[in-house]
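Heads up, the thing below is written out as structure tokens.
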Amino acid sequence: MLMTEQATGNHPQPRPRNGATTSPVEHVTGAQSLIRSLEEVGADTIFGLPGGCILPAYDPLMDSQKVRHILVRHEQGAGHAATGYAQATGKVGVCMVTSGPGATNLVTPIADAHMDSVPLVAITGQVSSKAIGTDAFQEADICGITMPITKHNFLVTKAEDIPRTIAEAFHIASTGRPGPVLVDIAKDALQAKTTFSWPPQTDLPGYRPVTKPHAKQIREAAKLISAAKRPVLYVGGGVIKSGATAELKILAELTGAPVTTTLMALGAFPDSHPLHVGMPGMHGAVTAVTALQKADLIVALGARFDDRVTGKLDSFAPYAKVVHADIDPAEIGKNRAADVPIVGDAREVIADLVQAVQAEHSEGNKGDYAAWWSDLNRWRETYPLGYDLPEDGSLSPQQVIQRIGWLAPEGTIFTAGVGQHQMWAAHFIDYEQPATWLNSGGAGTMGYAVPAAMGAKAGLPDRPVWAIDGDGCFQMTNQELTTCALNNIPIKVAIINNGALGMVRQWQTLFYNQRYSNTVLHSGPDELKDNKGTRVPDFVKLSEAMGCVALRCEDPADLDKVIAEANAINDRPVVVDFIVHEDAQVWPMVAAGTSNDEVMAARGVRPDFGDGEDD
Numbered sequence: 000m001l002m003t004e005q006a007t008g009n010h011p012q013p014r015p016r017n018g019a020t021t022s023p024v025e026h027v028t029g030a031q032s033l034i035r036s037l038e039e040v041g042a043d044t045i046f047g048l049p050g051g052c053i054l055p056a057y058d059p060l061m062d063s064q065k066v067r068h069i070l071v072r073h074e075q076g077a078g079h080a081a082t083g084y085a086q087a088t089g090k091v092g093v094c095m096v097t098s099g100p101g102a103t104n105l106v107t108p109i110a111d112a113h114m115d116s117v118p119l120v121a122i123t124g125q126v127s128s129k130a131i132g133t134d135a136f137q138e139a140d141i142c143g144i145t146m147p148i149t150k151h152n153f154l155v156t157k158a159e160d161i162p163r164t165i166a167e168a169f170h171i172a173s174t175g176r177p178g179p180v181l182v183d184i185a186k187d188a189l190q191a192k193t194t195f196s197w198p199p200q201t202d203l204p205g206y207r208p209v210t211k212p213h214a215k216q217i218r219e220a221a222k223l224i225s226a227a228k229r230p231v232l233y234v235g236g237g238v239i240k241s242g243a244t245a246e247l248k249i250l251a252e253l254t255g256a257p258v259t260t261t262l263m264a265l266g267a268f269p270d271s272h273p274l275h276v277g278m279p280g281m282h283g284a285v286t287a288v289t290a291l292q293k294a295d296l297i298v299a300l301g302a303r304f305d306d307r308v309t310g311k312l313d314s315f316a317p318y319a320k321v322v323h324a325d326i327d328p329a330e331i332g333k334n335r336a337a338d339v340p341i342v343g344d345a346r347e348v349i350a351d352l353v354q355a356v357q358a359e360h361s362e363g364n365k366g367d368y369a370a371w372w373s374d375l376n377r378w379r380e381t382y383p384l385g386y387d388l389p390e391d392g393s394l395s396p397q398q399v400i401q402r403i404g405w406l407a408p409e410g411t412i413f414t415a416g417v418g419q420h421q422m423w424a425a426h427f428i429d430y431e432q433p434a435t436w437l438n439s440g441g442a443g444t445m446g447y448a449v450p451a452a453m454g455a456k457a458g459l460p461d462r463p464v465w466a467i468d469g470d471g472c473f474q475m476t477n478q479e480l481t482t483c484a485l486n487n488i489p490i491k492v493a494i495i496n497n498g499a500l501g502m503v504r505q506w507q508t509l510f511y512n513q514r515y516s517n518t519v520l521h522s523g524p525d526e527l528k529d530n531k532g533t534r535v536p537d538f539v540k541l542s543e544a545m546g547c548v549a550l551r552c553e554d555p556a557d558l559d560k561v562i563a564e565a566n567a568i569n570d571r572p573v574v575v576d577f578i579v580h581e582d583a584q585v586w587p588m589v590a591a592g593t594s595n596d597e598v599m600a601a602r603g604v605r606p607d608f609g610d611g612e613d614d
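Here it is as structure tokens:
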């Protein structure tokens, strides 16, 4: 992903070796040194859960006037909350848990942050240094476990190393391609006496992310853009992380090329903009999917050509040359060979591209995309996003989500779990601003929505936050509603309750002869089987028990009234149980393992693009 070092505000820069003046030396414990270090790097919120090995750090944390600790109900919730905080604010998210099972419960959110390039620092307690390797009580080699899913990790066994390690962790997490960094601290290092001064002497000799793109590559890219007949700007989440959305709009309007934004990039370019052709991928808009397939040039900005976008890789965009710009050189050429590779930060890359394209225009080299737009507009008009209302008069999940988007206050942040409701939220809510859509894109983690919404709201308390969740996802992490209620974090949760693991059920409908093996969530006592949606647990009673206002909506006539009632409550968390039709499906769709040329606009509806489109 592309990332600018200026985009995140709470990481320290490594201290030059000839150094600035440090703060006075203080005599402290390692635990006190940890909290002081967190204060100095600008951490203002920590999501965590104490336990034996991290307990020494929790004592001085109680005295901190700068760091708010939010006590979660499960360590996974701490990790996802820190991720939501980071995605919403642009700062480094911080979580802190104990050793053994506390640390291993963070593995899923760490993997999630790694896949989506989220700046995260996870602090874990560890058994005393002399006990490491003895299978001591609550010992786990969390550095070894997380090595493949962290940008870097540290094991700290000496108290004097804590300030330097924290400074380096925040710097690594938030610069270059952002990602999670784990800091595992032995209990005796937290207990030992040491000295503290700031800033520490940092030493990262092998870590120098390239941010400035090569001028020759920029010029080559500009020439290709000007010469192309069917270009597409393929925008990934790195553009949001770099803070390059303003530059992107300038580039798009300068070139007149269509823009497609991935699931992680929704809001990087306004959905309402006439140059925006939608989200690409397995469940992408027909126009976006087809634009990439028919393109003669793809300009990939902070995107990684993942399988959900490309479909069958060897048939993806067969006519296209590729300009691929990314902060991470390992991504360039990994899945699709690049004709013009550009290593650099998104904001710098796009700003330089703007100048280079302007230079091409001044020399009379301006692309003519009139025929291309004629095709694109015809596809847009012929195959728009849409849905059918259920014949039995029940609630349509797409309609529920669309109305939530329309009735939400301006600037609302939306988080989503994973599955059908995630795709519907991507399609039927309009995203006009960056960092208003948070989801688990790469890992696809069920249970992400509620704790991520909690983290986003904790980081931006003045912004409304809606979590769009499924009845399956909600049952994985809903205990964090208790955390929200007790910590004055008034998020709103929409449960799209169809009584099933919806996306898996859709695949069973399409590919497994409607054999619904273990995807039905509402099976139970006979008296419940006639009800629609999941009723055990009763989400209204459960939410009320956790200190929330809880509502249920089953009638389309009540939809706007219930949403308005939820929007009006801002002193407590609100949960709305929307009972929706179980057979609604996500379309368009490209079946896994098939070519994007096989995109289906709806069940049984294959787009007809006419003759000559491939010429």
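Position 228 of the sequence shown, counting from 1, maps to 227 under numbering that gives the first Met the number 0, and the rest follow consecutively. Yeah, the Cβ is synthetic: ideal placement off N, Cα and C, and Gly gets one too.
#### Entry: Classification of Val586 by the beta-carbon crowding that lies within 10 angstroms, buried from 16 upward
Sequence inspection shows Trp at residue 586; the Val mentioned does not correspond to that position. The residue in question, Trp586, is buried, as its Cβ has 16 or more Cβ neighbours within 10 Å.
#### Entry: Bridge partners - Lys320, DSSP secondary structure assignment
Lys320 is bridged to Leu296.
### Query
On the three-state DSSP scale, how would you describe Thr3?
Per-residue confidence for Thr3 stands at a pLDDT of 35, beneath the threshold of 50, marking its modelled position as unreliable; the derived number appears in the next sentence. Judged by DSSP in its simplified three-state form, Thr3 adopts coil rather than helix or strand.
#### Entry: Start and end residues, beta strand (DSSP E) containing Phe577
Per DSSP, Phe577 belongs to the beta strand (DSSP E) from 573-578.
### Task
To the nearest angstrom, report how far apart Leu60 and Ala350 are at their CA atoms.
For the pair Leu60 and Ala350, the Cα-to-Cα distance works out to about 43 angstroms.
#### Entry: Given Leu406 as reference, the closest of Arg377, Met422, Val464 once Cα atoms are compared
Out of Arg377, Met422, Val464, the CA that lies nearest to the CA of Leu406 is found in Val464.
### Task
Could you check how far apart the C-beta atoms of Cys483 and Met453 are, in whole angstroms? I think they sit under 8 angstroms.
Approximately 5 angstroms separates the beta-carbon atoms of Cys483 and Met453; this is inside 8 angstroms, confirming the contact.
#### Entry: the stretch 230-240 contacting the stretch 294-314, beta-carbon criterion three pairs below 8 angstroms
Under the 8 angstroms Cβ criterion, the stretch 230-240 counts as touching the stretch 294-314, having at least three qualifying pairs.
#### Entry: Same chain, Cβ closer than 8 angstroms to Ala221, five either side skipped, listed in chain order
Listed in chain order, the non-local C-beta contacts of Ala221 below 8 angstroms within the same chain comprise Leu352, Ala355, Val356, Ala358, Glu359, local neighbours out to five positions each way being set aside.
### Message
Ignoring anything shorter than 3 residues, give me the beta strand (DSSP E) runs that lie fully in the stretch 221-294, in order along the chain.
### Response
Listed in chain order, the complete beta strand (DSSP E) runs (minimum 3 residues) inside the stretch 221-294 are 230-234, 258-260, 275-277.
### Query
What three-state label does DSSP hand Trp197 in the structure shown?
Trp197 falls in the coil class under three-state DSSP.
### Message
Here's the rule: buried if 16 or more other CB atoms are within 10 angstroms of the residue's CB, otherwise exposed. What is Ala245?
### Response
When all chains shown are included, Ala245 counts as exposed.
### For Leu459 and Asp115, the rounded distance between their alpha carbons
Annotation: Asp115 to Leu459 spans about 21 angstroms, alpha carbon to alpha carbon.
### Message
To the nearest angstrom, how far is the alpha carbon of Met545 from that of Asp576?
### Response
Note on geometry: alpha-carbon atoms of Met545 and Asp576 lie some 15 angstroms from one another.
### Collapsed DSSP secondary structure at Phe153 in the structure displayed
Strand at Phe153.
#### Entry: Pairwise C-alpha distance: Trp372 and Lys560
Distance from the CA of Lys560 to the CA of Trp372, rounded to the nearest whole angstrom, comes to 41 angstroms.
### Query
Can you give the Cα-Cα distance for Pro389 and Gln401, rounded to whole angstroms?
Put simply, the backbone Cα of Pro389 is about 15 angstroms away from that of Gln401.
#### Entry: For Ile403, the three-state DSSP class (helix, strand or coil)
Helix at Ile403.
### Task
Just grab the DSSP bridge partners of Glu25 for me.
In DSSP, Glu25 forms a bridge with Phe195.
### Query
Does the stretch 159-173 come close enough to the stretch 196-213 to have 3 or more Cβ pairs within less than 8 angstroms?
Contact holds: three or more Cβ-Cβ distances are below 8 angstroms.
#### Entry: Nearest-angstrom beta carbon gap, Phe473 and Ala488 [assumed within contact, 8 angstroms]
Before going on, a small fix: residue 488 reads as Ile here, not Ala. A Cβ-Cβ distance of about 17 angstroms is found for the pair Ile488 and Phe473, leaving them out of contact under the 8 angstroms criterion.
### Task
Consult DSSP for Arg14 and reduce its assignment to one of helix, strand or coil.
Any reading at Arg14 needs caution, since the residue's pLDDT is 47, under 50, leaving its predicted position unreliable; the model's value is listed next. Coil at Arg14, not helix or strand.
### Message
Quick check on the DSSP output: the beta strand (DSSP E) that includes Arg346 runs from which residue to which?
### Response
Arg346 -> not in any beta strand (DSSP E); alpha helix (DSSP H) instead, spanning 345-361.
### Query
What is the DSSP secondary structure of Pro108, counted as helix, strand or coil?
In the structure shown, the three-state DSSP call for Pro108 is helix.
### Query
Is it a yes or a no for the stretch 306-317 touching the stretch 588-600, going by three-plus beta-carbon pairs under 8 angstroms?
Yes: the two stretches touch, three or more of their Cβ pairs being nearer than 8 angstroms.
### Task
Sort Glu581, Gly441, Glu543 by Cα distance to Ala499 and report the nearest one.
Answer by Cα proximity: Glu581.
### Among Asp327, Val71, Ile53, nearest to His187 - alpha-carbon criterion
According to the sequence as given, residue 187 is Asp; it is not His. Of the listed residues, the one whose Cα sits closest to Asp187 is Ile53.
### Task
Using the Cα positions of Cys565 and Val574, report the straight-line distance between them to the nearest angstrom.
As written in the sequence, residue 565 is Ala, which differs from the Cys given in the question. In this structure, the straight-line span from the alpha carbon of Ala565 to that of Val574 is close to 8 angstroms.
#### Entry: Contact set for Tyr368: own chain, Cβ-Cβ below 6 angstroms, skip 5 residues either direction
Gly255, listed in sequence order.
### C-alpha distance - Val617 paired with Gln584, whole-angstrom precision
Lying outside 0 to 614, the shown extent of the chain, residue 617 is not represented and no answer is given.
### Task
Could you pull out every unbroken beta strand (DSSP E) segment of at least 3 residues lying fully inside the stretch 372-420, listed in chain order?
The beta strand (DSSP E) runs of length 3 or more contained entirely in the stretch 372-420 are, from start to end of the chain, 412-415.
### Message
Suppose you measure from the CA of Ser393 to the CA of Asn569; what does that come to, to the nearest Å?
### Response
In a straight line, the C-alpha of Ser393 is about 29 angstroms away from that of Asn569.
### Query
So what's Lys540 in DSSP terms, helix, strand or just coil?
Looking at Lys540 - three-state DSSP - the assignment turns out to be helix.
#### Entry: Span separating the alpha-carbon of Glu330 from that of Thr476
Near 32 angstroms, if we compare the C-alpha coordinates of Thr476 and Glu330.
### Query
Can we say the stretch 129-147 touches the stretch 175-189, given the rule of at least three CB pairs closer than 8 angstroms?
Verdict: yes, contact present.
#### Entry: Span of the beta strand (DSSP E) around Thr123
Segment 119-125, the beta strand (DSSP E) holding Thr123.
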